[in-house]
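Here the structure is laid out as structure tokens; the discussion comes afterwards.
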Amino acid sequence: MIEFIITLFSDHTLRIVALGAITIGITAGSLGAFAVLRQQSLLGDAIAHATLPGVCLAFLITQSKSSLILLIGAALAGWIGTLFLMLITRNTRIKKDAALGIILSVFFGFGLVLLTIVQKLPTATKAGLNKFLFGNAATLLQEDLTIIATLSAVVLMTLLLLWKEVKVCVFDEGFAKSIGIKITFVDILLTTLIVIAIVIGLQTVGVVLMSAMLVAPAAAARQWTDNLSVMVLLSAAFGALSGLSGAITSSLVSNLPTGPTIVIFLSTLVVISLCFAPRRGIMWDIIRYNKSRKQIQTTTMLKNLLLFSEINTNDPFHPHDIAALDAIGRGAIDQTMQELKNKGWAQQFKDKRWALTPVGLKEARSLTEEYEKGLITEN
Amino acid sequence: MTKQTELSAISINDLTVAYNEKPVLWDIDFHAPQGVLLAIVGPNGAGKSTLIKSILGLVKPAAGQILVFDNDYRPQSRLIGYVPQKNSVDWDFPTSVLDVVMMGCYGELGWFKRPSHKERELAINCLEKVGMKEFMNRQISQLSGGQQQRVFIARAFMQDAPIYLMDEPFAGVDAATEKSIIALLRELKDKGKTVICVHHDLQTLKEYFDWVMLLNVRRLALGPVNEVLTAQNLKKAYGGKAGFLAGMNTEEK
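Protein chains in written order, with my numbering: chain P, 10 to 388; chain H, 2 to 254.
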């Protein structure tokens, strides 16, 4: 493993790929946290798809394959897409989700047509615009890395400086405006930062799956924490980790596109987080449900044992047949009785007959009293 | 019943607000004296929240003038503390009670500046006033409706403003919380602050508030509760539906 890391950073190409992917992961992860919290996860997807015609047009117009020019084209197209989105939702009766779908498909379709035109040009073979579809980390050059790192630094610094404004706007826009914060400015700024975070990842991850870099790390991070700063840091870490793993894997296997590889690593993180995160994870829910079910079964059975004895005999320690107890219980009778026995509240007699112990009687009486006083409810 | 000072806390002249050509508020004149507990009352869709939002500058009026202490109002956190409807935010947002209360000083701090120890102490103080100090590190998704409401009120206290606008502070809270909130509002009033609430419950109106505005797109009545709360006025606001309520109110006193 250590050897692998040494090889990784001594190999010039791999080093650039690794550093590029980590930077993209950090930036997209951090911004993605806000996109998810603003319930704008699909906005990233629409913007990413909308950048494709921009890349192609930038190439067609300038005939240059310089990353900077292509990225500027992408950013402009992404911005115009967002602008159309706002115009559609404000001035028509079309709802936001429909507008997102329209922008995404129209821009992406137009982009694919342009891409076909570009590929038929004699100059196109070396331009390799195809990588913008599914991403190819291996094509990252030193100059690309410089652009990615510079833009990421600008994005992250801006986010840090305007942290509290962004936070209050995302949580409670109306209140933010009432205390004099320029919410339109913050809104435009945040969208711009998201556009930049998307654009710098296009060459590596591709337009089709770039939104996963925004949404997936944030969704996974939200599972583990209830603190905004921790969530953003965790999301950045998840982004960096899957970016690195995906980019390296795809660089080592020929013809393996980077975007889908990264998404596989991201999905693994998301699935683990959804299942196992404390408190919010599915496993946690199941454990909590079983625990409370077991507790209800035991206390109900305890009260029933007492009730049964008091109705049928005057002896609270009168043993009852397990079949009779099963009929009034809430299932899993053997487990329930075992649990009562473990707590020392009930004891077993021969022929599968059960009775309260003195400790159990005391417990049952206090439970019944609490219930009658309304201190606890049946559930 | 309340002495009226010359300077109104809020005065509104000829305010009209429309969403998609349909008027929500029509030609409203409204003068709230200083140091009163004023309720804005009216049926659903009467424009109560819109009125509050227009005062705060969250909604752009089609016409009219809004003055705060006789000045053209631009959203200034110094003058108005705002308690929005508690279901207007996502309570699953990853943040703590103390963090939400601290947001009350974000406007005052200005761009780039971070809240310091001083603001933190102030926030804890505000939480103590609403009886929520022990919940300061609690994640906000774990709060009950009444606790959420009190957190929002604590956040407004951070602004230490002379005027408070509250959008249904009693919605979805239990009777005990309602009593404790009204006690807080009375404390504010005793300090000379003006508190304006959107309110729904006609039965508690007399007990809780000293001024009332009846609103149904137009301003139907404004003044001290005893003068305004007549069967005739309520019928104007609610139509036939409030007949039984009007009867009850005249019986009371």
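Even for Gly, the Cβ is constructed at its ideal location relative to N, Cα and C.
Can you check which of these residues, H:Tyr20, H:Thr51, H:Gln35, is closest to H:Ser9 by C-alpha distance? H:Gln35
Measuring only the C-alpha atoms, how far is H:Met1 from H:Ser145? Nothing in the structure corresponds to residue 1 of chain H, since chain H is present only between 2 and 254.
According to DSSP, is H:Met214 helix, strand or coil? strand
Mind reading off the beta-carbon distance from P:Ile342 to P:Leu334? Whole number of angstroms is fine, and I expect it under 8 Å. 6 Å
Out of P:Val217, P:Leu77, P:Ile103, which one is the CA nearest neighbour of P:Leu154? P:Leu77
Compute the beta-carbon to beta-carbon distance between P:Met222 and P:Ile33, rounded to the nearest angstrom, for a pair I have assumed lies under 8 Å. 7 Å
For P:Asn388, is the classification buried or exposed, using 16 other Cβ atoms within 10 angstroms of its Cβ as the cut-off for buried? Note on P:Asn388: pLDDT 40, under 50, position unreliable in the model; no value is reported.
In angstroms with no decimal places, state the Cα-to-Cα distance between P:Ser260 and P:Gly252. 12 Å
If contact is defined by three or more beta carbon pairs under 8 Å, each pair taking one atom from either stretch, is the stretch 266-282 of chain P in contact with the stretch 228-239 of chain P? yes
To the nearest angstrom, report how far apart P:Ser161 and P:Leu170 are at their CA atoms. 14 Å
Check whether chain H comes within 7 Å of P:Ile35, counting only Cβ atoms and requiring the distance to be less than that. no
Quick check on the DSSP output: the alpha helix (DSSP H) that includes H:Asn14 runs from which residue to which? Taken as a continuous stretch (DSSP letters only), H:Asn14 belongs to no alpha helix (DSSP H), being part of the beta strand (DSSP E) at 9-20.
Apart from the five residues just before and just after H:Gln149, which ones in its own chain have a Cβ nearer than 6 Å to its Cβ? Lys87
Under 8 Å Cβ-Cβ, which residues of chain P neighbour H:Gln140? Asp235
Can you tell me where the beta strand (DSSP E) holding H:Asp30 begins and where it ends? 23-34
Looking at P:Lys361 and P:Ile337, is the spacing between their C-beta atoms short of 7 Å? no
Check each residue of the stretch 146-173 of chain P: if its Cβ is closer than 9 Å to any Cβ of chain H, include it; give the result in chain order. Leu170, Leu171, Trp172, Lys173
In or out: H:Trp112 buried (at least 16 other Cβ within 10 Å) or exposed? exposed
Closer than 7 Å at the beta carbon, the chain H residues around P:Leu46: Phe94
Measure the alpha-carbon distance for H:Val213 versus H:Gly48 and round it to whole angstroms. 15 Å
Taking the beta carbon of P:Thr322 as the centre, do at least 16 other beta carbons fall within 10 Å, making it buried, or is it exposed? exposed
Note down, in chain order, every chain P residue with its Cβ under 7 Å from the Cβ of H:Tyr83. Phe184, Ser187
According to the Cβ coordinates, are H:Ile11 and H:Ala33 closer than 7 Å? yes
What separation, rounded to the nearest whole angstrom, lies between the Cα atoms of P:Thr213 and P:Ala146? 4 Å
Assign H:Thr178 to buried or exposed, taking buried as 16 or more other Cβ atoms, counted over all protein chains shown, within 10 Å of its Cβ. buried
Contact between the stretch 36-46 of chain P and the stretch 198-212 of chain P is defined here as three or more beta-carbon pairs at a separation below 8 Å; is this criterion met? yes
Just verifying my parser: in three-state terms, what is the DSSP assignment at H:Asp71? coil
Completely contained alpha helix (DSSP H) runs for the stretch 77-102 of chain P, where each covers 4 or more residues: none
Quick check on this structure: which residue in H:Ala162, H:Glu169, H:Ile53, H:Gln160 has the alpha carbon closest to the alpha carbon of H:Gly147? H:Glu169
Quick one: is P:Phe430 buried, meaning 16 or more other Cβ sit within 10 Å of its Cβ, or exposed? Outside the shown range of chain P (10 to 388) lies residue 430 of chain P, about which nothing can therefore be said.
Along chain H, which residues have their Cβ under 8 Å away from the Cβ of P:Asp181? Pro85, Ser89, Val90, Met104
Give the straight-line distance between the Cα atoms of P:Met292 and P:Phe274, rounded to the nearest whole angstrom. 21 Å
Which of helix, strand or coil does DSSP assign to H:Thr251? Low per-residue confidence applies at H:Thr251: pLDDT is 45, beneath 50, and the placement is therefore not dependable, though the value from the model is reported in the following sentence. In this structure, H:Thr251 counts as helix in the three-state DSSP scheme.
P:Ala246 lies in the alpha helix (DSSP H); which residues open and close that run? 237-261
Taking H:His118 as part of the alpha helix (DSSP H), name the residues at either end of that continuous run. 118-130
Ordered along the chain, which non-local residues of its own chain (more than five positions away) have a Cβ less than 6 Å from that of P:Leu85? Gly63
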